[in-house]
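Each residue of the sequence shown is one higher than the one before, starting from 141 at the first, in my numbering.
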Amino acid sequence: MKQFDIVTIFPGIFSAKGGPASGGDSCCYFDYGIMRQAIKKKLIKINIHDLRKSTTDKHHTVDDRPYGGGPGMILMVEPIVKMLKSIKKKKKTRVIMLAPEGKKFDQRQAERLAKYDQLILLCGRYEGFDARVEKYIDEKVSIGDYVLAGGELAAMVVTEAVARHVPGVVGHEHALDDETFSHDLDYIEYPQYSRPESYKGQKVPKILLSGNHAEIKKWRQSKRKKRK
Ligand code: 6GU
141 MKQFDIVTIF
151 PGIFSAKGGP
161 ASGGDSCCYF
171 DYGIMRQAIK
181 KKLIKINIHD
191 LRKSTTDKHH
201 TVDDRPYGGG
211 PGMILMVEPI
221 VKMLKSIKKK
231 KKTRVIMLAP
241 EGKKFDQRQA
251 ERLAKYDQLI
261 LLCGRYEGFD
271 ARVEKYIDEK
281 VSIGDYVLAG
291 GELAAMVVTE
301 AVARHVPGVV
311 GHEHALDDET
321 FSHDLDYIEY
331 PQYSRPESYK
341 GQKVPKILLS
351 GNHAEIKKWR
361 QSKRKKRK
């Protein structure tokens with residue numbers, strides 16, 4: 141069982157009214173497809189933590205204006221440290237801050253992070269975090285060179301990409317051992333077709349209907365393209 145603990149000021153993004161992904165009955169992203177199955181089979185566990193629950197003032201303040209001035213608000217250090225303390229740590233835990241200035245996430249990073257028992261994912265909002273939060277994290281991760289309003293989408297991306305490396309999460313129909321399915325991201329996979337055999341003049345290549353598996357394999361290899 142691999143555990144993901146996502147810390148956010150918008151828990152509803154992940155589980156409206158605490159959906160099945162977090163033990164309730166409404167729905168959100170992780171309540172579908174491979175992620176839903178992985179949770180149901182107890183291969184992974186995803187906990188969503190509302191940062192506002194770690195505040196001490198009556199207004200549940202999580203953000204404040206930066207010293208020295210400047211636009212926007214930043215996430216305060218105290219609620220975050222309090223939250224990190226309250227999340228029970230597994231043996232091998234990694235605390236990750238999702239931030240656009242972080243190290244670029246890719247398939248290799250996903251494989252690396254899959255080696256931990258637990259990932260704590262801190263979602264930023266506003267103009268970022270109080271710099272003193274950095275002492276409490278292990279690394280910063282970004283999902284690409286563009287700016288998002290917050291780390292929540294990035295946390296979803298990281299969670300799914302890492303979860304796919306947990307044995308049993310990706311089913312046999314996508315078995316990693318079939319060489320034509322070798323997840324070599326330098327290549328674009330061969331084109332695939334399903335019914336109907338002919339669609340508005342576009343026909344399924346004859347070879348795929350031949351039943352000749354050796355020839356089909358050869359054809360598919362020939363159709364794989366190097367990615368730009
Ligand atoms: Cl992790 N956060 C934000 N706010 N924007 C991003 C990102 C993260 N990764 C790419 N853009």
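Where is the CB? At the ideal position from N, CA and C, for every residue including glycine. Note that the structure is a prediction, hence the values are computed from the model and not measured.
Among the candidates Lys-358, Tyr-333, Arg-248 and Gln-342, whose CA atom is the shortest distance from the CA of Leu-325? Arg-248
Let's see if you can read the secondary structure: which residues bound the beta strand (DSSP E) around Val-281? 279-282
Heavy atom of ligand 1 less than 6 Å from the Cβ of Ser-282, yes or no? yes
Which residue spans inside the region 201-287 form an unbroken alpha helix (DSSP H) run of at least 4? 217-226 and 247-253
Assign Tyr-327 to one of three DSSP states: helix, strand, or coil. strand
Reduced DSSP secondary structure (H/G/I, E/B, other) of His-353: helix
Is the number of C-beta pairs between the region 280-287 and the region 212-226 that are closer than 8 Å three or more? no
Nearest to Lys-181 by CA position, among Gly-308, Thr-233 and Lys-343, is which residue? Gly-308
Give a single yes or no on whether Ala-301 has its beta carbon closer than 6 Å to a heavy atom of ligand 1. no
Quick one: is Ser-334 buried, meaning 16 or more other Cβ sit within 10 Å of its Cβ, or exposed? exposed
Can you give me the C-alpha to C-alpha distance between Trp-359 and His-305, rounded to a whole angstrom? 29 Å
How many Å lie between Val-310 and Tyr-172 at the Cα? 14 Å
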